[in-house]
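Enquirer: Just dropping this structure here.
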Amino acid sequence: MALSFLLFILSVSASLTAALHNTTAGCNIIRPPRDGGIRYRGLTQEQIRSVQVLPVDYEIEYICRGNRVIVGPKVRKCLPDGTWTDPSLKSLCLLPCPRVWTSLENGRVTVVPSGPSVEGTMVHYSCLPGFILMGRNSTHCTKAGRWDSPKPVCHYDRNYTGFIH
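Taking UniProt numbering, the leading residue of the sequence shown gets 1, the next gets one more, and so forth.
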């Protein structure tokens, strides 16, 4: 009897401590990004369908369908306060654009933002001294995973003397 009472007191004490420190038993299930899913380590499909809360320190991993790539946090961890890591950073599954556009023979390429070339990425081109850019000086990666203009080339400038005019 005394042992039961002691266990009850410890249970109430742990609950009060959790409430005072704003801790929970875990984190609510979160939704995967569009065109993506979540890898739950150690859980069966049946458990995944029935679980509502995952324990503190549990990690989930986002996976993307097809050839899409994850942009943003790939892994999230359940924190003691009942939230997931990096709540302000979105995780998206986006189509990549061909990488060949991110290099330019006899030229320079600036990719904005840095990282994988996905929807919304801009590429700016310029040529080295003695070369002339033929084509547009920038291109944009579209939602369809294609660049919106042909890749430019840097042609040798026959009139280049090496001097600045």
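We put the beta carbon where it would ideally sit given N, CA and C, even for glycine. Being a predicted model, the structure only gives us computed values, none of them experimental.
Tell me whether the beta-carbon of Cys93 lies closer than 7 Å to the beta-carbon of Leu54.
Expert: no
Enquirer: Determine whether the beta carbon atoms of Asp157 and Gly130 lie at a separation below 7 Å.
Expert: yes
Enquirer: Using three-state DSSP, classify Ile132 as helix, strand or coil.
Expert: strand
Enquirer: Using DSSP bridges, identify the partner residues of Lys77.
Expert: Glu59
Enquirer: Nearest by alpha-carbon distance to Gly145: which of Ser88, Pro98, Asp35, Ser50 is it?
Expert: Pro98
Enquirer: Does DSSP classify Val71 as helix, strand or coil?
Expert: If DSSP states are grouped into helix, strand and coil, Val71 belongs with the strands.
Enquirer: One question on the structure: do Ile60 and Gly37 come within less than 7 Å of each other, judged by their Cβ atoms?
Expert: no
Enquirer: Between Arg41, Ser126, Val71, Cys141, which has its C-alpha nearest His155's C-alpha?
Expert: Comparing Cα positions, the closest option is Ser126.
Enquirer: Within the same chain, show all residues whose beta-carbon is closer than 8 Å to that of Ile30, passing over the 5 residues directly before and after it, in chain order.
Expert: Taking Ile30 as the centre and dropping the five residues before and after it, the same chain places the C-beta of Ile38, Ile60, Arg76, Trp84 closer than 8 Å to its C-beta, in chain order.
Enquirer: Can you look up Thr102 in the DSSP assignment and give me helix, strand or coil?
Expert: helix
Enquirer: Residues in its own chain within less than 6 Å of His140 by CB, not counting five upstream and five downstream?
Expert: Met122, Asp148
Enquirer: Select from Val153, Gly82, Pro73, Tyr40 the residue whose C-alpha is nearest the C-alpha of Trp101.
Expert: Val153
Enquirer: Between Pro129 and chain D, is any beta-carbon pair separated by less than 7 Å?
Expert: No chain D appears in this structure, which consists of one protein chain only.
Enquirer: Using a Cβ-Cβ cut-off of 8 Å (strictly less than) and excluding sequence neighbours within five positions of Lys151, which residues of its own chain qualify?
Expert: Val100, Trp101, Leu104, Gly135, Thr139
Enquirer: When you compare only the Cα positions, how much space is there between Asp35 and Val71?
Expert: 12 Å
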